[in-house]
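Asker: Using this note's numbering, read the sequence shown as starting at 12 and increasing by one per residue. Pasting a structure below so you can have a look.
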Amino acid sequence: MVKDGWKKAGVALRSGVAEANIRAFEKSYGIRLPPDVAEYFRSTDGMDKGDVDEHTIRFWPLSEMRPVLEEIPSARADIFDGYFIFADYSLWAHGYAVHLSDGTDDVIIVGEERPVTIAPSFVDFLELYVNDPAKLFPQSMEDGA
Numbered sequence: 012m013v014k015d016g017w018k019k020a021g022v023a024l025r026s027g028v029a030e031a032n033i034r035a036f037e038k039s040y041g042i043r044l045p046p047d048v049a050e051y052f053r054s055t056d057g058m059d060k061g062d063v064d065e066h067t068i069r070f071w072p073l074s075e076m077r078p079v080l081e082e083i084p085s086a087r088a089d090i091f092d093g094y095f096i097f098a099d100y101s102l103w104a105h106g107y108a109v110h111l112s113d114g115t116d117d118v119i120i121v122g123e124e125r126p127v128t129i130a131p132s133f134v135d136f137l138e139l140y141v142n143d144p145a146k147l148f149p150q151s152m153e154d155g156a
């Protein structure tokens with residue numbers, strides 16, 4: 012579903028990541044990708060630099076995915092530990108991060124002092140992305156949209 016939307020937006024489709032690359036990523040960070048996140052990367056490896064979708068969201072390749080605490084050194088460890096940024100909106104107006112520890116995979120918006128929870132799981136995030144993208148932006152959430 013995600014790739015269909017990217018095709019319509021003229022985004023170059025990247026092939027998925029090899030299992031060896033997924034395992035190397037997991038080993039380098041001492042984590043295990045939740046099955047749905049691993050399957051997403053097996054299916055597609057995000058977007059090329061400079062590509063964005065119709066909402067100006069760019070999904071990052073696995074090789075660019077970073078812990079929030081590495082990408083934003085000033086972020087509070089007690090809040091953002093275990094979260095990895097996998098996409099950004101409008102050239103980093105904010106980022107989207109998935110929790111990759113403790114067996115959870117909730118998705119938050121990163122860019123404010125405190126995160127905004129967007130979805131209880133990575134799959135739920137992708138469903139919102141495809142079916143109700145207005146809910147991926149903090150303003151629409153505040154307005155109750």
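Each residue gets a CB set at the ideal place from its N, CA and C atoms; glycine is no exception. Remember, predicted model here, so these are calculated numbers, not experimental data.
For E138, which residues from the same chain have a beta carbon less than 6 Å from its beta carbon, with the 5 sequence-adjacent residues on both sides left out?
Answerer: Looking up residue 138 in the sequence shown gives position 127. Closer than 6 Å at Cβ, skipping near neighbours: no residue.
Asker: Which same chain residues, not among the five before or five after G122, have their C-beta less than 8 Å away from its C-beta?
Answerer: On the sequence shown, residue 122 is found 111 positions in, with the first residue counted as 1. Correct list, in chain order: W103, A104, H105 and G106.
Asker: Which one or two residues does DSSP pair with R77 in a beta bridge?
Answerer: Numbered from its first residue, the sequence shown carries residue 77 at position 66. DSSP lists I96 as partners of R77.
Asker: Could you tell me whether the Cβ atoms of D64 and G27 are closer together than 8 Å?
Answerer: One-based indexing of the sequence shown puts residue 64 at position 53. One-based indexing of the sequence shown puts residue 27 at position 16. For D64 and G27, no; Cβs fall outside 8 Å.
Asker: Between which two residues does the beta strand (DSSP E) carrying F70 extend?
Answerer: Mapped onto the sequence shown, residue 70 falls at position 59. First-last of the beta strand (DSSP E) with F70: I68 to F70.
Asker: Taking contact to mean at least 3 C-beta pairs separated by less than 8 Å, is the region 126-146 in contact with the region 46-54?
Answerer: Result yes; three or more Cβ-Cβ pairs closer than 8 Å.
Asker: Let me check understanding here. Comparing Cα to Cα, which of L111, H66, R125 and A88 lies closest to D145?
Answerer: Translated into the one-based positions of the sequence shown, residue 145 becomes position 134. In the sequence under discussion, the amino acid at residue 145 is Ala, which differs from the Asp named in the question. When only C-alpha atoms are compared, the closest one is H66.
Asker: Taking the Cβ atom as the reference point for each residue, do A88 and D59 lie within a distance shorter than 8 Å?
Answerer: The sequence position of residue 88 within the sequence shown is 77, counting from 1. The sequence position of residue 59 within the sequence shown is 48, counting from 1. Not in contact: A88 and D59 (Cβ atoms no closer than 8 Å).
Asker: With which residues is V121 paired in a DSSP beta bridge?
Answerer: The sequence position of residue 121 within the sequence shown is 110, counting from 1. In DSSP, V121 forms a bridge with G106.
Asker: Candidates G93, R125, V127 and L147: which alpha carbon is nearest R43's?
Answerer: Walking along the sequence shown from the start, residue 43 turns up at place 32. Minimum Cα distance to R43 is reached at G93.
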